[in-house]
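Q: In my numbering, the protein residues as written are 37 to 140.
Ideal Cβ placement from N, Cα and C applies to all residues, glycine included.
This is the structure, below, for whatever I ask next.
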Amino acid sequence: TCISVLMCDVRVPGAKPPKSKRPIQVMVRGCAFGDPLGNTLYTVASAKRGTAFLTRWNRTSETQYTTDVRLPVHQHPISAMNVSKDGGLLAMGAADGTVYLFDL
37 TCISVLMCDV RVPGAKPPKS KRPIQVMVRG CAFGDPLGNT LYTVASAKRG TAFLTRWNRT
97 SETQYTTDVR LPVHQHPISA MNVSKDGGLL AMGAADGTVY LFDL
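So, in structure tokens, the structure goes:
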């Protein structure tokens, strides 16, 4: 049973809207819970090309999450993401071959 649906955003904050009337195709490249209880969720998403954004979601109720932080993390798509078992580190692999580690 699906309990919630979240929508990732890949628009640059403060940027002018695109000239095209077509909607931006958002691709979620990874998602992982940041704690054993599922109170924090991390997602990484990008358009078909362009900047990848890392979003931290916080649970506000049994079925609802809200965006806490959304940061641009790489100019190329992310191909893999995982959070350490203790929730202290996040690893992301990019399409250009680099791996990034974040201290959460």
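Which same chain residues, not among the five before or five after Ala130, have their C-beta less than 8 angstroms away from its C-beta?
A: Closer than 8 angstroms at Cβ, skipping near neighbours: Ala88, His110, His112, Pro113, Ile114, Ser115 and Tyr136.
Q: What residues in its chain sit with their C-beta under 6 angstroms from that of Asp122, if we drop five residues either side in the sequence?
A: none
Q: I think Val105 touches Ala68, with their Cβ atoms under 8 angstroms apart; what is that distance to the nearest whole Å?
A: Incorrect: roughly 15 angstroms between the Cβ atoms, too far for contact.
Q: Determine the contact status of Gly70 and Leu77, defining contact as a CB-CB distance below 8 angstroms.
A: yes
Q: Strictly by DSSP, which residues pair up with Ala68?
A: As computed with DSSP, Ala68 is found in a beta bridge with Tyr78.
Q: Tell me which same chain residues have a C-beta within less than 7 angstroms of the C-beta of Thr96, skipping the five on either side of it?
A: Taken in chain order, the residues that qualify are Thr102.
Q: Who are Asp114's beta bridge partners in DSSP?
A: Strictly speaking, residue 114 in this sequence is Ile, with Asp absent from that position. DSSP output for Ile114 lists Ala130 as bridge partner(s).
Q: Using only CA atoms, which one of Gly86, Gln61 and Pro72 lies nearest to Asp132?
A: Considering only alpha carbons, the answer is Gly86.
Q: Between which residues of its own chain and Arg92 is the CB-CB distance below 7 angstroms, once the five residues before and five after are set aside?
A: Once the five neighbours on either side are set aside, the close Cβ partners of Arg92 are Thr76, Tyr78, Asp104 and Val105.
Q: So is Val48 buried or exposed if we call it buried at 16+ other beta carbons inside 10 Å?
A: exposed
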